[in-house]
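Novice:
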Amino acid sequence: MNQRQAQKIIPATWIMIEKQNNSTSDYILYAIDWKRKARWSWEGWNDLADLLQFNIPVRRKLGSPNYFSQPCAKIAKKAIVLRMNEELYNEFETLLYKPFSKKTWNSFLKEYRQ
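Residue numbers (my numbering): 1149 to 1262.
1. Rounded C-beta distance between residue 1228 and residue 1261? I'm assuming under 8 Å.
2. Cα-Cα, which of 1247, 1180, 1239 and 1191 is closest to residue 1160?
3. Of all the CB atoms in chain D, is at least one closer than 9 Å to the CB of residue 1197?
4. For residue 1182, count neighbouring C-beta atoms within 10 Å of its own C-beta (all shown protein chains included) and say buried if the count is 16 or more, exposed if not.
5. Taking the C-alpha atoms as reference points, what is the distance between residue 1202 and residue 1232?
6. Quick one: grab the DSSP three-state call for residue 1256.
7. Straight-line CA distance for residue 1206 to residue 1197?
Following this line, the structure appears as structure tokens:
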């Protein structure tokens, strides 16, 4: 995706994943733009409080030259929260990088949503 295309991404779906390892949890936030088949991710958070304080750049509307920052705490209110172990997360990741199909996504989310 070139820079011009990346500037047009407006996330429609937010997914927050709590990936549970043996003794710790990792938090990952995904943004998906269905119309343009694009996805963003913010990974590597070990503490939920740190993730919720992080400001995420988001576009207000298509073609707008400006971003505005929004704290992740606001986004988390409308995000789909999934708690997964390592095996389920690998399945989720393969689904994320396959060609987009809303039907496949909806069936996956129905099965694992809590």
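Don't be surprised by glycine CBs; every beta carbon is placed ideally from N, CA and C.
Specialist: Judging by the given coordinates:
1. Here residue 1228 is taken as the residue at index 80 of the sequence shown, counted from 1. Here residue 1261 is taken as the residue at index 113 of the sequence shown, counted from 1. At roughly 6 Å, the Cβ-Cβ gap stays under 8 Å, so residue 1228 and residue 1261 are in contact.
2. Translated into positions along the sequence shown, residue 1160 becomes position 12. Out of 1247, 1180, 1239 and 1191, 1180 has the C-alpha closest to the C-alpha of residue 1160.
3. Given the protein chain composition of this structure (a single chain), no chain D is represented.
4. Position 34 of the sequence shown, counted from the first residue, corresponds to residue 1182. When all chains shown are included, residue 1182 counts as exposed.
5. For this step, residue 1202 is matched to residue 54 along the sequence shown. For this step, residue 1232 is matched to residue 84 along the sequence shown. Near 22 Å, if we compare the C-alpha coordinates of residue 1232 and residue 1202.
6. Counting from one through the sequence shown, the residue named residue 1256 turns up at place 108. Residue 1256: helix per DSSP, three-state reduction.
7. As a working mapping, residue 1206 is identified with position 58 in the sequence shown. As a working mapping, residue 1197 is identified with position 49 in the sequence shown. In a straight line, the C-alpha of residue 1206 is about 20 Å away from that of residue 1197.
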